[in-house]
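**Q** Those protein sequences? They're chains A and B, same order as listed.
Going by the working numbering, the first sequence opens with residue -4, and the numbers climb by one from there.
Going by the working numbering, the second sequence opens with residue -4, and the numbers climb by one from there.
Here it is: the structure, laid out below.
There are 2 protein chains.
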Amino acid sequence: MNFLEERILKDGVVKPGNVLKVDSFLNHKMDVYLLDEIGREFKRRFAGEKITKVLTIESSGIAIALPVAREFGVPLVFAKKAKSINIDGEMYVAEVESFTHKKTNQVIVAKRFLTPEDRVLIIDDFLANGCALQGLISIVDAAEAEVVGCGIAIEKGFQDGGERIRNLGYHLESLAIVESMDAQTGHITFRSQN
Amino acid sequence: MNFLEERILKDGVVKPGNVLKVDSFLNHKMDVYLLDEIGREFKRRFAGEKITKVLTIESSGIAIALPVAREFGVPLVFAKKAKSINIDGEMYVAEVESFTHKKTNQVIVAKRFLTPEDRVLIIDDFLANGCALQGLISIVDAAEAEVVGCGIAIEKGFQDGGERIRNLGYHLESLAIVESMDAQTGHITFRSQN
């Protein structure tokens, strides 16, 4: 079991509706040492890859992606949910359905921040149905840049997002893949990654 | 002139309506080296203070606050805009009017993440009318925790938020205080901090 799986067992809480709460260490109150360790682990898993930018999506993706960008020494770009009056110029746009908030958002990235020369590592905290990840991939594609890989902190292995992304041929690394979880007992099992 | 003021002059863009765009290095595409430098500078400005938590507000505050929390070796808590079905239990709530988005949000922090023993450093990217900062202060007050200080990347010195917070007696440090800016010429002047 790796450091993130151990932490999920220790501090994660399973709630009805396939909700895994990790807000005490990953997406509300955040453990800065854990985030650094996540950064180092993605550096290890994508070692040898030439990466020019890390791309994530607001909000909780930012805290996961920043240590990764730091490890690679490249800029971090985060896709914004479209609403800001401060965003002008041309934008790449993707439709993303949020599992958590049960609605569809337009997410945008300014065109000048992704170019055909970019080799992009996409990072996010959760992967469930894969909508957010597919939206980010479509933005990288629209920029004619290359998706080097996708790094996810926690994948819900019982939903089909991970399989779909892997079947499309992308190099997807999830630090913890939850195979099943039970809100009544609180029991969580992880997919073996050996 | 400090490193952030220099960077604003180099890469910031003044837009009509008192908008300063820093999205090429601070809040859309982010320079990880600059963020580290911001973390170190706040560590220097609040040196000797006992700090147990860093508090910020989503989204763009997270990238500024994380390197600060990392420097102090304490957890980062970010206030969320109230919308999530994943948030249960008791919450501290504040009303915050967004200058950028022209609307009022409820922002929330789970009560279990702020306790009366906490000594909190509040961090955000921008300070204009001070609504976000006052909302965060009110949340720390509600938790009966102590606000050790407030650290802001860019303060709009021609708006009254900074003065109001300082008049309330808080130790407020802004790395760059914009005294005036002109959308026609692009000219920006900073308040001297010597």
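Even glycine gets a Cβ: it sits at the ideal position worked out from N, Cα and C.
1. Using a Cβ-Cβ cut-off of less than 9 Å, give me the residues of the region 20 to 47 of chain A that come near chain B, in sequence order.
2. Consider the Cβ of B/Ala148: report whether some Cβ of chain A lies at a distance smaller than 8 Å.
3. Using 10 angstroms around the beta-carbon of B/Gly181, count the other beta-carbons present and answer buried if the total reaches 16, otherwise exposed.
4. Do you know whose CA, among B/Arg186, B/Asp177 and B/Glu168, lies nearest B/Tyr36's CA?
5. Indicate the three-state DSSP secondary structure (helix, strand or coil) for B/Tyr87 in the structure shown.
6. Mind checking if A/Val72 is an interface residue toward chain B, Cβ cutoff 8 Å exclusive?
7. For a contact meaning CB atoms closer than 9 Å, what does B/Ala105 contact in chain A?
8. Is there at least one Cβ from chain A nearer than 8 Å to B/Lys5's Cβ?
9. Beta-carbon within less than 7 Å of A/Ala64's beta-carbon, same chain only, minus the 5 sequence neighbours each way: which residues are those?
10. Taking the continuous beta strand (DSSP E) assigned at B/Glu150, which residues delimit it?
11. Do the region 138 to 154 of chain B and the region 40 to 60 of chain B meet, that is, are 3 or more Cβ pairs less than 8 Å apart?
12. Rounded to whole angstroms, what is the Cα-Cα separation between B/Leu29 and B/Leu(-1)?
13. Can you list, in chain order, the residues of its chain with a C-beta nearer than 8 Å to that of A/Lys243? Leave out the 5 residues immediately preceding and following it.
14. Express the C-alpha separation of A/Val142 and A/Lys89 in angstroms, rounding to a whole number.
15. How is the beta strand (DSSP E) around A/Phe185 delimited, first residue to last?
16. Given that B/Glu53 touches chain A, what residues does it touch there, using C-beta distances under 9 Å?
17. With B/Ser175 and B/Phe153 assumed to form a contact (beta carbons below 8 Å), what rounded beta-carbon distance in angstroms separates them?
18. Give the DSSP-derived three-state secondary structure of A/Glu112 in the structure shown.
19. Jot down the residue ranges of each uninterrupted alpha helix (DSSP H) in the region 7 to 78 of chain B, minimum 4 residues, whole runs only, in chain order.
20. For A/Arg161, return the contacting residues in chain B, with the cut-off set at a CB-CB distance below 9 Å.
21. Nearest to A/Asp177 by CA position, among A/Ile3, A/Gly34, A/Lys10 and A/Arg159, is which residue?
22. Buried or exposed: which applies to B/Glu66, given that a residue is buried once 16 or more other Cβ atoms fall within 10 Å of its Cβ?
23. Taking the beta strand (DSSP E) that A/Ala171 belongs to, which residues open and close that run?
24. Should A/Asp155 go down as buried or exposed, given a rule of 16 or more other Cβ atoms within 10 Å for buried?
25. Does B/Ala42 pass the burial test, meaning 16 or more other C-beta atoms within 10 Å, or should it be called exposed?
26. Which bits of chain B does A/Leu192 rub up against, with CB to CB less than 9 Å?
27. Do you know offhand how far B/Val104's Cα is from B/Val8's?
28. Could you check what DSSP says for A/Asn193 in three-state terms: helix, strand or coil?
29. Please confirm if B/Arg65 has its CB atom under 8 Å from at least one CB of chain A.
**A** Here's the rundown:
1. Phe20, Asn22, His23, Lys24, Met25, Asp26, Val27, Tyr28, Leu30 and Asp31
2. On the second sequence, position 153 is the one that residue 148 of chain B refers to. False, the Cβ-Cβ gap to chain A never drops below 8 Å.
3. Stepping through the second sequence from its first residue, residue 181 of chain B is reached at position 186. Exposed, since its Cβ has fewer than 16 Cβ neighbours within 10 Å.
4. Stepping through the second sequence from its first residue, residue 36 of chain B is reached at position 41. According to the sequence provided, residue 36 of chain B is Glu. The question's Tyr does not apply to it. With distances taken between Cα atoms, B/Glu36 lies closest to B/Glu168.
5. Sequence index remark: in the second sequence, residue 87 of chain B carries index 92 (1-based). Correct three-state label for B/Tyr87: strand.
6. To locate residue 72 of chain A, count along the first sequence from 1; it is residue 77. For A/Val72, the answer is yes, since a Cβ of chain B falls inside 8 Å of its Cβ.
7. Within the second sequence, numbered from 1, the residue matching residue 105 of chain B stands at position 110. In chain order: Asp18, Ser19, His23 and Lys24.
8. Within the second sequence, the letter at position 10 stands for residue 5 of chain B. False, the Cβ-Cβ gap to chain A never drops below 8 Å.
9. Taking the first residue of the first sequence as position 1, residue 64 of chain A is located at position 69. Result list for A/Ala64: Val49, Pro70 and Leu71, in chain order.
10. For the purposes of this step, residue 150 of chain B is identified with residue 155 of the second sequence, where counting begins at 1. Start and end: Glu141 to Lys151.
11. yes
12. The residue you call residue 29 of chain B lines up with position 34 of the second sequence. The residue you call residue -1 of chain B lines up with position 4 of the second sequence. Rounded to whole angstroms, B/Leu29 to B/Leu(-1) spans 8 Å at the Cα level.
13. The requested residue 243 of chain A does not occur in the structure, where chain A is confined to residues -4 to 189.
14. Your numbering for residue 89 of chain A matches position 94 in the first sequence. Your numbering for residue 142 of chain A matches position 147 in the first sequence. Before going on, a small fix: residue 89 of chain A reads as Ala here, not Lys. About 16 Å.
15. Residue 185 of chain A sits at position 190 when you count from the first residue of the first sequence. Per DSSP, A/Phe185 belongs to the beta strand (DSSP E) from Ile183 to Phe185.
16. Indexing the second sequence from 1 puts residue 53 of chain B at position 58. Correct list: Glu53, Ser54, Ser55 and Ile57.
17. Along the second sequence, read from residue 1 onward, the residue named residue 175 of chain B stands at position 180. Along the second sequence, read from residue 1 onward, the residue named residue 153 of chain B stands at position 158. Confirmed, about 6 Å.
18. Numbered from 1 along the first sequence, position 117 holds the residue referred to as residue 112 of chain A. Assigned with DSSP and collapsed to three states, A/Glu112 falls in coil, not helix or strand.
19. Segments of the alpha helix (DSSP H) lying fully in the region 7 to 78 of chain B: 27 to 40 and 55 to 67.
20. Within the first sequence, numbered from 1, the residue matching residue 161 of chain A stands at position 166. Simply none; closest approach about 26 Å.
21. The count along the first sequence starts at 1 and reaches residue 177 of chain A at position 182. Of the listed residues, the one whose Cα sits closest to A/Asp177 is A/Lys10.
22. Taking the first residue of the second sequence as 1, we reach residue 66 of chain B at position 71. Per the 10 Å Cβ criterion, buried.
23. Numbered from 1 along the first sequence, position 176 holds the residue referred to as residue 171 of chain A. Element bounds for A/Ala171: Leu167 to Met176.
24. Locating residue 155 of chain A in the first sequence gives position 160, counting from the first residue. Label assigned to A/Asp155: exposed.
25. Here the question's residue 42 of chain B lines up with position 47 in the second sequence. The residue in question, B/Ala42, is exposed, as its Cβ has fewer than 16 Cβ neighbours within 10 Å.
26. Summary: the structure shown does not reach residue 192 of chain A, with chain A confined to residues -4 through 189, and so no result is reported for it.
27. Taking the first residue of the second sequence as position 1, residue 104 of chain B is located at position 109. Taking the first residue of the second sequence as position 1, residue 8 of chain B is located at position 13. Near 33 Å, if we compare the C-alpha coordinates of B/Val8 and B/Val104.
28. Because chain A here runs from -4 to 189, residue 193 of chain A falls outside it and cannot be looked at.
29. Mapped onto the second sequence, residue 65 of chain B falls at position 70. By this cut-off, B/Arg65 is an interface position.
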